[in-house]
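The block underneath contains the structure these notes are about, expressed in structure tokens.
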Amino acid sequence: MLVEEVGLGVLFLLAFTNGANDVGKSIATVVESSGGRSTRRALVWGGVFTGLGSLIAVLVAEQLLSVFTSTLLTPTPSDDFVLAVLLGTTAWVLGATLMRLPVSLTHAIIGAILFETAYLFGASHLAWAAIGLRVLLPLAGGPFAALFLTYLLHRRKRNKSPPPPEAETPGHTGKVAGFGHWISAAATALARGINDAPKMVALGVILLPAGLQTKPWIPFLFVALAVFLGSIGWGRRVTRTLVGRLVPMARDRHVTAGVTTAALVSLGAILGAPLSTTHVASGATTGIGGGRKEHVRSTLKGFLLAWFVTLPAAGLLAIGASFAVSWLQPYLG
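In our numbering, the protein residues as written are 13 to 345.
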């Protein structure tokens, strides 16, 4: 059916724009520390590891995939429903990327599914208890867990170590620190791929022909390729915005925040907790920065925008898309 082909095309566009929107969140601090000289290399670096994480997800993120297929998307939705959700989510992420604004894919997908389901079938059709426990709670709690953990690490290090010498200020470019920074960025990008791919695949697998639905690696490979291409093709757009928003901080703190983000997000994906890598990273940065006002303000702003702008906006776009899909149904049938 044509609706399946169109849906897979939209899925590719979603993964492409997600790669473009997200890659900077992993490598912005690396770009900033190099004065912008390593932007291209950093984009490829982030794209490679995000794509690799998207492939690894097929092995370790089965529970996260089941959260979307058995909790949010239950009973199995129609192709038209999935297409509307994909269109709404993609429209929001694409629009934000074109405007060079970072957004949360997780909130966009969840908003599109919840609003579309409530509109078509009624809010009572949603399993709110399961959604609250398995989806909304970890999504809201992830940033605070990261903040708390990195703040404890910050306090412990501050109590144990004397103030760093001048050579260890944010401008320090030692080889060891630089290597650790790139590895931290790679770990964050890898975790981002592991965390995001199952959410997109949960939608795409429904559109696959029956014979391919038993081969889960195919949609993961599909998403991984699109994410990589989006990262290296359009990733510079949002990366510039993120670099401009960075608050100066010692490189070793960026490394700690990145490693903490990677660990929490990867663990969440394995355990089936749909975290927002964007917000976990913001929480980790705020904690390791000692709760500086600039970090707290930025984290709260991103948190509120995701819940009160991205989530409902993607949902409303999905509802609008359902009208378009219904109108085009004679041509998509």
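Ideal Cβ positions, reconstructed from N, Cα and C, are used throughout, including at glycine. Nothing here was measured: the structure is a model prediction, and the numbers come from that model.
- Remark: C-beta atoms of Gly-59 and Ser-243 approach each other more closely than 8 Å.
- When C-beta atoms of the stretch 68 to 86 are compared with those of the stretch 292 to 303, fewer than three pairs fall below 8 Å, so the two segments do not count as touching.
- Rounded to whole angstroms, the separation of the alpha carbons of Lys-187 and Phe-320 is 42 Å.
- The beta-carbon distance between Val-97 and Glu-128, rounded to whole angstroms, is 6 Å. This is short enough to meet the 8 Å contact definition.
- Classified as exposed, Phe-335 has fewer than 16 neighbouring CB atoms from the shown chains inside 10 Å of its CB.
- When the alpha-carbon of Ala-139 is set against those of Leu-132, Val-115, Leu-85 and Leu-329, the nearest one is in Leu-85.
- Considered as a whole, the stretch 58 to 97 harbours 74 to 78 as its complete alpha helix (DSSP H) runs of no fewer than 4 residues, in chain order.
- In this model, Gly-280 and Val-235 are separated by some 20 Å (Cα to Cα).
- Taking a C-beta distance under 8 Å as the contact criterion, Thr-109 and Val-22 do not qualify as a contact pair.
- The C-beta distance from Gly-47 to Phe-240 rounds to 26 Å, too long to fall under 8 Å, and the pair is not in contact.
- Counting every other CB atom within 10 Å of its CB across the protein chains shown gives Glu-17 a total below 16, marking it as exposed.
- Contact check for Phe-61 against Ala-238 fails: the beta carbons are separated by 8 Å or more.
- The alpha-carbon of Phe-160 is positioned some 6 Å away from that of Gly-299.
- Looking only at Ser-310, Tyr-343 and Thr-118, the smallest Cα-Cα distance to Ser-294 is reached by Ser-310.
- Contact between Leu-64 and Pro-286 does not hold, since the beta-carbon distance rounds to 20 Å and is not under 8 Å.
- Gly-134 sits exposed, since fewer than 16 C-beta atoms from the chains shown fall within 10 Å of its C-beta.
- Here Ala-269 is not near Thr-290, since their CB atoms are 8 Å or more apart.
- When secondary structure is reduced to three states using DSSP, Val-235 falls in the helix class.
- Proximity to Val-56 across Arg-265, Leu-202 and Gly-123 peaks at Leu-202, based on C-alpha coordinates.
- Close CB contacts of Leu-276 within its chain, under the 6 Å cut and outside five residues either way in sequence, are with Ala-158 and Val-292 (chain order).
- A Cβ-Cβ distance of about 26 Å is found for the pair Thr-102 and Thr-51, leaving them out of contact under the 8 Å criterion.
- Distance from the Cα of Thr-88 is smallest, within the candidate group Ile-218, Trp-246, Thr-253 and Arg-252, for Ile-218.
- Look at the stretch 129 to 179 and you find these whole runs of alpha helix (DSSP H), each 4 residues long or longer: 140 to 143 and 149 to 172.
- Residue range 14 to 45 is occupied by the alpha helix (DSSP H) that includes Val-15.
- Here DSSP, grouped into helix, strand and coil, assigns Lys-305 to helix.
- In this structure, Gly-107 is the residue among Arg-248, Gly-107 and Leu-258 with its C-alpha nearest to the C-alpha of Leu-329.
- Judged by DSSP in its simplified three-state form, Val-321 adopts helix.
- Within the same chain, Leu-23 and Pro-231 come within 6 Å of Gly-216 by CB-CB distance, once the 5 residues on both sides are set aside.
- With contacts defined by Cβ atoms closer than 8 Å, Val-337 and Leu-145 do not form a contacting pair.
- The beta carbons of Thr-253 and Arg-167 sit about 31 Å from each other, so the pair does not count as a contact at 8 Å.
- The alpha-carbon of Ala-214 is positioned some 6 Å away from that of Leu-77.
- By the neighbour-count criterion, in which a residue is buried when 16 or more other Cβ atoms sit within 10 angstroms of its Cβ, Ala-141 is exposed.
- Boundaries of the alpha helix (DSSP H) around Val-277: 263 to 283.
- Short of 6 Å from the beta carbon of Ile-121, and not among the five residues preceding or following it, lie these beta carbons of its own chain, in chain order: Thr-101 and Lys-211.
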